[in-house]
Amino acid sequence: MNEGPPLDRLWAGWRMPYIGRDDDKRAMEIPEGLSLFEGIEQADLPDEETYVVWRGERCFALLNAYPYTSGHLMVLPKRAVAELESLESDEYDELFAAVRSAVVALKVAYSPHGVNVGINLGEGSGAGVPNHLHVHVLPRWTGDANFMTTVAEARVLPEALPDVWRRLTEAWPRS
2 MNEGPPLDRL
12 WAGWRMPYIG
22 RDDDKRAMEI
32 PEGLSLFEGI
42 EQADLPDEET
52 YVVWRGERCF
62 ALLNAYPYTS
72 GHLMVLPKRA
82 VAELESLESD
92 EYDELFAAVR
102 SAVVALKVAY
112 SPHGVNVGIN
122 LGEGSGAGVP
132 NHLHVHVLPR
142 WTGDANFMTT
152 VAEARVLPEA
162 LPDVWRRLTE
172 AWPRS
(Lines of atoms letter the chains of each structure in order from A and count residues from 1; the text may use other names and numbers.)
(Lines give C-alpha, C1' and ligand atoms only; values in the text may rest on other atoms or scores of the structure.)
Protein backbone atom coordinates (compact mmCIF):
# COMPACT_ATOMS: atom_id res chain seq x y z
CA MET A 1 0.00 0.00 0.00
CA ASN A 2 1.40 3.39 -1.05
CA GLU A 3 1.13 5.97 1.73
CA GLY A 4 2.96 8.76 -0.13
CA PRO A 5 1.78 11.04 -2.90
CA PRO A 6 0.45 9.39 -6.07
CA LEU A 7 3.10 8.23 -8.53
CA ASP A 8 3.34 10.28 -11.71
CA ARG A 9 3.74 8.32 -14.93
CA LEU A 10 5.44 9.42 -18.12
CA TRP A 11 4.21 7.51 -21.16
CA ALA A 12 6.43 7.21 -24.23
CA GLY A 13 4.73 4.44 -26.17
CA TRP A 14 6.48 5.37 -29.40
CA ARG A 15 9.74 4.04 -27.85
CA MET A 16 8.56 0.40 -27.88
CA PRO A 17 9.63 -0.36 -31.48
CA TYR A 18 13.14 0.86 -30.61
CA ILE A 19 13.33 -1.07 -27.35
CA GLY A 20 12.06 -4.25 -29.01
CA ARG A 21 14.80 -4.35 -31.66
CA ASP A 22 17.78 -6.64 -31.46
CA ASP A 23 21.03 -4.82 -30.68
CA ASP A 24 22.59 -5.92 -33.97
CA LYS A 25 19.71 -4.28 -35.89
CA ARG A 26 20.01 -1.05 -33.92
CA ALA A 27 23.70 -0.55 -34.66
CA MET A 28 24.90 0.23 -38.17
CA GLU A 29 28.09 -1.38 -39.39
CA ILE A 30 30.65 1.29 -40.28
CA PRO A 31 33.22 0.20 -42.88
CA GLU A 32 36.84 0.17 -41.73
CA GLY A 33 38.56 3.52 -42.22
CA LEU A 34 35.39 5.65 -42.14
CA SER A 35 34.19 7.86 -39.31
CA LEU A 36 30.75 7.20 -37.84
CA PHE A 37 29.29 10.10 -39.82
CA GLU A 38 31.00 9.12 -43.08
CA GLY A 39 29.53 5.64 -42.64
CA ILE A 40 26.04 7.05 -42.11
CA GLU A 41 26.31 9.41 -45.08
CA GLN A 42 27.67 6.71 -47.40
CA ALA A 43 25.33 3.94 -46.22
CA ASP A 44 23.27 2.25 -48.87
CA LEU A 45 20.11 2.99 -46.89
CA PRO A 46 17.25 5.42 -47.50
CA ASP A 47 17.59 8.82 -45.83
CA GLU A 48 14.48 8.16 -43.74
CA GLU A 49 16.36 5.24 -42.10
CA THR A 50 19.64 7.09 -41.53
CA TYR A 51 17.79 10.31 -40.69
CA VAL A 52 19.75 12.35 -43.21
CA VAL A 53 17.62 15.47 -43.65
CA TRP A 54 19.62 17.22 -46.39
CA ARG A 55 22.57 16.46 -48.67
CA GLY A 56 24.76 19.03 -50.36
CA GLU A 57 27.82 18.64 -52.52
CA ARG A 58 30.27 18.66 -49.59
CA CYS A 59 28.10 18.65 -46.45
CA PHE A 60 24.94 17.10 -45.07
CA ALA A 61 22.52 17.39 -42.15
CA LEU A 62 21.09 14.61 -40.05
CA LEU A 63 19.13 14.14 -36.87
CA ASN A 64 20.99 13.55 -33.66
CA ALA A 65 20.23 9.95 -32.62
CA TYR A 66 20.45 11.04 -28.95
CA PRO A 67 18.71 14.43 -29.09
CA TYR A 68 18.47 17.01 -26.33
CA THR A 69 15.06 17.97 -27.72
CA SER A 70 12.85 17.25 -30.73
CA GLY A 71 14.40 18.72 -33.86
CA HIS A 72 18.04 18.39 -32.73
CA LEU A 73 20.06 18.44 -35.97
CA MET A 74 23.73 18.11 -36.80
CA VAL A 75 25.26 19.75 -39.88
CA LEU A 76 28.63 18.44 -40.96
CA PRO A 77 31.07 17.99 -43.83
CA LYS A 78 30.90 14.66 -45.67
CA ARG A 79 34.64 14.30 -45.13
CA ALA A 80 35.89 13.53 -41.61
CA VAL A 81 37.63 16.69 -40.41
CA ALA A 82 38.42 17.16 -36.74
CA GLU A 83 39.27 20.87 -36.71
CA LEU A 84 37.38 23.86 -38.05
CA GLU A 85 40.55 25.34 -39.50
CA SER A 86 41.12 22.12 -41.48
CA LEU A 87 38.01 22.65 -43.59
CA GLU A 88 38.57 23.63 -47.19
CA SER A 89 37.00 26.98 -48.14
CA ASP A 90 34.19 25.39 -50.16
CA GLU A 91 33.38 22.99 -47.27
CA TYR A 92 33.32 25.88 -44.81
CA ASP A 93 31.03 27.97 -47.02
CA GLU A 94 28.59 25.10 -47.61
CA LEU A 95 28.68 24.06 -43.95
CA PHE A 96 27.61 27.44 -42.65
CA ALA A 97 25.07 28.00 -45.44
CA ALA A 98 23.57 24.65 -44.34
CA VAL A 99 23.60 25.76 -40.69
CA ARG A 100 21.58 28.81 -41.76
CA SER A 101 19.15 26.51 -43.63
CA ALA A 102 18.88 24.27 -40.54
CA VAL A 103 17.92 27.28 -38.42
CA VAL A 104 15.27 28.26 -40.97
CA ALA A 105 13.89 24.69 -41.08
CA LEU A 106 13.68 24.51 -37.29
CA LYS A 107 11.89 27.85 -37.11
CA VAL A 108 9.38 26.78 -39.77
CA ALA A 109 8.82 23.30 -38.32
CA TYR A 110 8.80 24.07 -34.58
CA SER A 111 8.32 27.83 -34.00
CA PRO A 112 10.85 27.77 -31.12
CA HIS A 113 11.55 30.74 -28.85
CA GLY A 114 15.25 30.44 -29.74
CA VAL A 115 17.83 28.21 -31.42
CA ASN A 116 21.15 26.90 -30.09
CA VAL A 117 23.99 26.55 -32.61
CA GLY A 118 27.26 25.08 -31.37
CA ILE A 119 30.38 23.08 -32.15
CA ASN A 120 32.38 21.01 -29.65
CA LEU A 121 35.91 20.82 -31.07
CA GLY A 122 37.95 18.05 -29.50
CA GLU A 123 37.32 15.54 -26.76
CA GLY A 124 38.07 18.09 -24.03
CA SER A 125 35.18 20.24 -25.21
CA GLY A 126 32.70 17.37 -24.93
CA ALA A 127 32.70 16.22 -28.56
CA GLY A 128 31.14 12.76 -28.68
CA VAL A 129 32.72 12.09 -32.09
CA PRO A 130 35.89 14.21 -31.94
CA ASN A 131 37.34 13.01 -35.28
CA HIS A 132 34.47 14.48 -37.36
CA LEU A 133 33.35 18.00 -36.50
CA HIS A 134 29.62 18.66 -36.53
CA VAL A 135 27.51 21.70 -35.79
CA HIS A 136 24.61 21.12 -33.41
CA VAL A 137 21.47 23.09 -34.28
CA LEU A 138 18.50 22.67 -31.96
CA PRO A 139 15.30 24.50 -31.13
CA ARG A 140 14.78 25.87 -27.63
CA TRP A 141 11.77 27.13 -25.73
CA THR A 142 11.63 29.37 -22.70
CA GLY A 143 11.60 27.12 -19.65
CA ASP A 144 12.43 23.92 -21.58
CA ALA A 145 15.25 22.89 -19.24
CA ASN A 146 13.23 20.77 -16.84
CA PHE A 147 13.95 18.55 -13.88
CA MET A 148 14.12 15.29 -15.85
CA THR A 149 17.63 15.81 -17.27
CA THR A 150 19.01 17.21 -14.03
CA VAL A 151 17.41 14.89 -11.49
CA ALA A 152 16.56 11.72 -13.39
CA GLU A 153 19.30 11.80 -16.04
CA ALA A 154 16.59 11.29 -18.64
CA ARG A 155 14.97 13.27 -21.41
CA VAL A 156 11.33 13.12 -22.39
CA LEU A 157 10.89 13.66 -26.11
CA PRO A 158 7.37 14.16 -27.42
CA GLU A 159 8.08 13.01 -30.96
CA ALA A 160 9.62 9.94 -32.60
CA LEU A 161 12.68 10.41 -34.86
CA PRO A 162 10.83 9.38 -38.06
CA ASP A 163 8.26 12.12 -37.38
CA VAL A 164 11.00 14.69 -36.71
CA TRP A 165 12.79 13.62 -39.92
CA ARG A 166 9.62 14.05 -41.98
CA ARG A 167 8.85 17.42 -40.43
CA LEU A 168 12.34 18.86 -40.98
CA THR A 169 12.75 17.39 -44.47
CA GLU A 170 9.53 19.15 -45.50
CA ALA A 171 10.61 22.43 -43.83
CA TRP A 172 14.17 22.47 -45.25
CA PRO A 173 14.58 25.51 -47.55
CA ARG A 174 14.70 24.69 -51.25
CA SER A 175 17.55 26.36 -53.07
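First residue of the sequence shown? That's 2 in our numbering, and the numbers climb one at a time after it.
Glycine residues also receive a C-beta, built at the ideal position from the N, C-alpha and C atoms.
{"Query": "Length-filtered (3 minimum) beta strand (DSSP E) runs lying within the region 68-106", "Result": "74-78"}
{"Query": "Check whether Ser71 and Asn132 have beta carbons under 7 Å apart", "Result": "no"}
{"Query": "Under 7 Å between C-beta atoms of Val76 and Val116", "Result": "no"}
{"Query": "Inter-residue spacing [alpha-carbon to alpha-carbon] between Ala128 and Ser176", "Result": "31 Å"}
{"Query": "For Ile120: DSSP bridge partner residues", "Result": "Val136"}
{"Query": "Bridge partners - Trp55, DSSP secondary structure assignment", "Result": "Ala62"}
{"Query": "With 16 other Cβ atoms within 10 Å as the buried cut-off, status of Tyr67", "Result": "exposed"}
{"Query": "Alpha-carbon to alpha-carbon, Val82 and Val130", "Result": "11 Å"}
{"Query": "Short Cβ contact (7 Å threshold) for Ala62 with Trp55", "Result": "yes"}
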